[in-house]
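So the sequence lines, in the order shown, correspond to chains A and B.
Residue numbers for the first sequence, in our numbering: 4 to 216.
Residue numbers for the second sequence, in our numbering: 1250 to 1363.
Idealized CB from N, CA, C, for every residue including glycine.
Worksheet: the structure to be examined is printed underneath.
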Amino acid sequence: MDTAGHVTVLEAGWGGGAAPFGASWQKTMMWIFIVTDALLFSGLLCGYAFLRQANPAPWPDRTEVFSIAFIALMTFILITSSATMGSAVTAARLGDRKKALANVVFTIMGGTAFLSCQAYEWTHLIREGARLNGPIAGSPLLEHGVTAQFTQAFFLLTGFHGSHVFSGLVILIITAIRTSMGKTPAQGVEMAGLYWHFVDLVWVFIFTLFYLV
Amino acid sequence: MSDTAHGRSPYKIYWITWAILLVITVSMLAAEAFHLPRIFTVLFLLAFMMVKAAMIGGNFMHLRFERRNLTWMVAAGILVTSLILYTFITPESWNVRVKSQGPPPDSITVGERR
Chain A
4 MDTAGHVTVL EAGWGGGAAP FGASWQKTMM WIFIVTDALL FSGLLCGYAF
54 LRQANPAPWP DRTEVFSIAF IALMTFILIT SSATMGSAVT AARLGDRKKA
104 LANVVFTIMG GTAFLSCQAY EWTHLIREGA RLNGPIAGSP LLEHGVTAQF
154 TQAFFLLTGF HGSHVFSGLV ILIITAIRTS MGKTPAQGVE MAGLYWHFVD
204 LVWVFIFTLF YLV
Chain B
1250 MSDTAHGRSP YKIYWITWAI LLVITVSMLA AEAFHLPRIF TVLFLLAFMM
1300 VKAAMIGGNF MHLRFERRNL TWMVAAGILV TSLILYTFIT PESWNVRVKS
1350 QGPPPDSITV GERR
């Protein structure tokens, strides 16, 4: 070992297997990633607040543009998939591989249903004339006061969230395959679960701030 | 290993959280029906949004059971940075709105008289 004083101090801090957050390095890094990813959505939501406040006309009534009951169904699906994911993590920790796999599969089904609903919602709005740069001329959305700011906020917020759901699904499918082969340790399921719950968490903010408030 | 260590199902917490989240979501959807002043509805929705976020973070993501410094790093890191972002970005939107609408009609009239 190097006997130089400052080197010894550094090694004592970083080289001794210390866990500053009382968690494994995998979990610590996952949390740091989640914080950075949350800040991406935080920036997007601030951008949405900016667009909404800068909008020259009154902000459109969301109940006239969307079916809020349908959005509520999407929320229900995502919350349910989070509960099944939590159950998968616990089952994996308890060593119950079959139950863990079943719950990961339920979560995948929930995620797929959510993405399908989102694809339907996007298709519906695009057919009504919504584009990233605003509604096209003659679009019925114009009658509801839909502006370019509105469509930009909608496509960017739900698009970024949807892409996270999609990547979460890819992670879950890999986790399911590896779990069925007995190759995923409990911690692997837990990391996938953390990411999935994060996706659910972001939806709570988008659902409230974009669709309800 | 038994699912019912300590006599309680370890899965129960997820389904209780799920039920509470569902009730909160329905309450948020019903809030509009009460025709409260807009400010109360918005405050109600924002408060319940934070409760839902805390329940997902605490129970689903197990932050309640992690070491305090990890919980604080996550919660304070996200909330404080978001607040800073919001505080410094959004006020400018009022200026953009005013500029996009042009000067108030009175000032145009005054200008024309000159």
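Any chain A beta carbon closer than 9 Å to residue i
i: Ala1282 (chain B); result: no
i: Arg1257 (chain B); result: no
i: Phe1309 (chain B); result: yes
i: Phe1289 (chain B); result: no
i: Val1276 (chain B); result: The amino acid at residue 1276 (chain B) is misidentified as Val; the sequence shows Ser. So no, Ser1276 (chain B) is outside the interface.
i: Arg1316 (chain B); result: yes
i: Leu1285 (chain B); result: no
Extent of the continuous alpha helix (DSSP H) to which residue i belongs
i: Thr1266 (chain B); result: Lys1261 to Ala1279
i: Tyr198 (chain A); result: Ala189 to Ile209
i: Tyr123 (chain A); result: Arg100 to Arg130
i: Pro1340 (chain B); result: Pro1340 to Gln1350
i: Asp64 (chain A); result: No alpha helix (DSSP H) contains Asp64 (chain A), which DSSP labels as neither H nor E.
i: Ile35 (chain A); result: Trp28 to Ala57
i: Met1298 (chain B); result: Arg1287 to Met1304
i: Thr161 (chain A); result: Ala151 to Ser183
i: Gly89 (chain A); result: Ile71 to Arg96
Sequence-distant residues of the same chain with beta carbon closer than 6 Å to residue i, five excluded per side
i: Trp1321 (chain B); result: none
i: Thr1290 (chain B); result: Ala1280
i: Lys102 (chain A); result: Ala94
i: Phe158 (chain A); result: Leu135
i: Ser118 (chain A); result: According to the sequence displayed, residue 118 (chain A) carries Leu and not Ser. So the qualifying residues of the chain are Val168.
i: Phe98 (chain A); result: This sequence places Gly at residue 98 (chain A); Phe is not what is there. Excluding positions up to five away in sequence, the list is empty.
C-alpha distance - residue i paired with residue j, whole-angstrom precision
i: Met1277 (chain B); j: Ala21 (chain A); result: 44 Å
i: Ile1327 (chain B); j: Ala1282 (chain B); result: 32 Å
i: Gly113 (chain A); j: Met1310 (chain B); result: 18 Å
i: Arg134 (chain A); j: Glu146 (chain A); result: 15 Å
i: Asn106 (chain A); j: Tyr123 (chain A); result: 26 Å
i: Met1299 (chain B); j: Asn136 (chain A); result: 32 Å
i: Ser166 (chain A); j: Leu1334 (chain B); result: 23 Å
i: Tyr198 (chain A); j: Ile37 (chain A); result: 7 Å
i: Ser1258 (chain B); j: Ala1268 (chain B); result: 16 Å
i: Ser27 (chain A); j: Thr1274 (chain B); result: 34 Å
i: Ser1251 (chain B); j: Ala195 (chain A); result: Only weak support exists for where Ser1251 (chain B) lies, its pLDDT of 42 falling under 50; the coordinates are left without a value.
i: Ile1288 (chain B); j: Val216 (chain A); result: 10 Å
i: Arg1313 (chain B); j: Ala60 (chain A); result: 43 Å
i: Phe1297 (chain B); j: Trp206 (chain A); result: 14 Å
i: Lys186 (chain A); j: Val173 (chain A); result: 17 Å
i: Phe109 (chain A); j: Ser85 (chain A); result: 10 Å
i: Ala41 (chain A); j: Gly50 (chain A); result: 14 Å
Sequence-distant residues of its chain with Cβ nearer than 7 Å to residue i (five each side left out)
i: Leu104 (chain A); result: Ala179, Thr182 and Ser183
i: Leu1294 (chain B); result: Met1277 and Ala1280
i: Ile176 (chain A); result: Ile111
i: Gly171 (chain A); result: Gly114, Tyr198, Trp199 and Val202
i: Lys1301 (chain B); result: Leu1270 and Ile1273
Sequence-distant residues of the same chain with beta carbon closer than 8 Å to residue i, five excluded per side
i: Pro23 (chain A); result: Thr31
i: Thr1266 (chain B); result: Met1304, Ile1305, Asn1308 and Phe1309
i: Glu193 (chain A); result: Lys30, Val92, Ala95 and Arg96
i: Pro143 (chain A); result: Glu131 and Gly132
Beta-carbon separation (whole angstroms), residue i vs residue j, contact threshold 8 Å
i: Leu81 (chain A); j: Asp203 (chain A); result: 5 Å
i: Cys120 (chain A); j: Met77 (chain A); result: 5 Å
i: Ile35 (chain A); j: Phe210 (chain A); result: Contact doesn't hold; Cβ gap of about 26 Å is too wide.
i: Leu48 (chain A); j: Phe208 (chain A); result: 6 Å
i: Gln155 (chain A); j: Leu54 (chain A); result: 6 Å
i: Gly132 (chain A); j: Ile139 (chain A); result: 4 Å
i: Ala57 (chain A); j: Val1272 (chain B); result: Actually they do not touch by this definition, with Cβ atoms about 36 Å apart.
i: Phe69 (chain A); j: Tyr214 (chain A); result: 7 Å
Cβ of residue i within 9 Å of any chain B Cβ
i: Cys49 (chain A); result: yes
i: Ile111 (chain A); result: no
i: Leu159 (chain A); result: no
i: Ser85 (chain A); result: yes
i: Val216 (chain A); result: yes
i: Met184 (chain A); result: no
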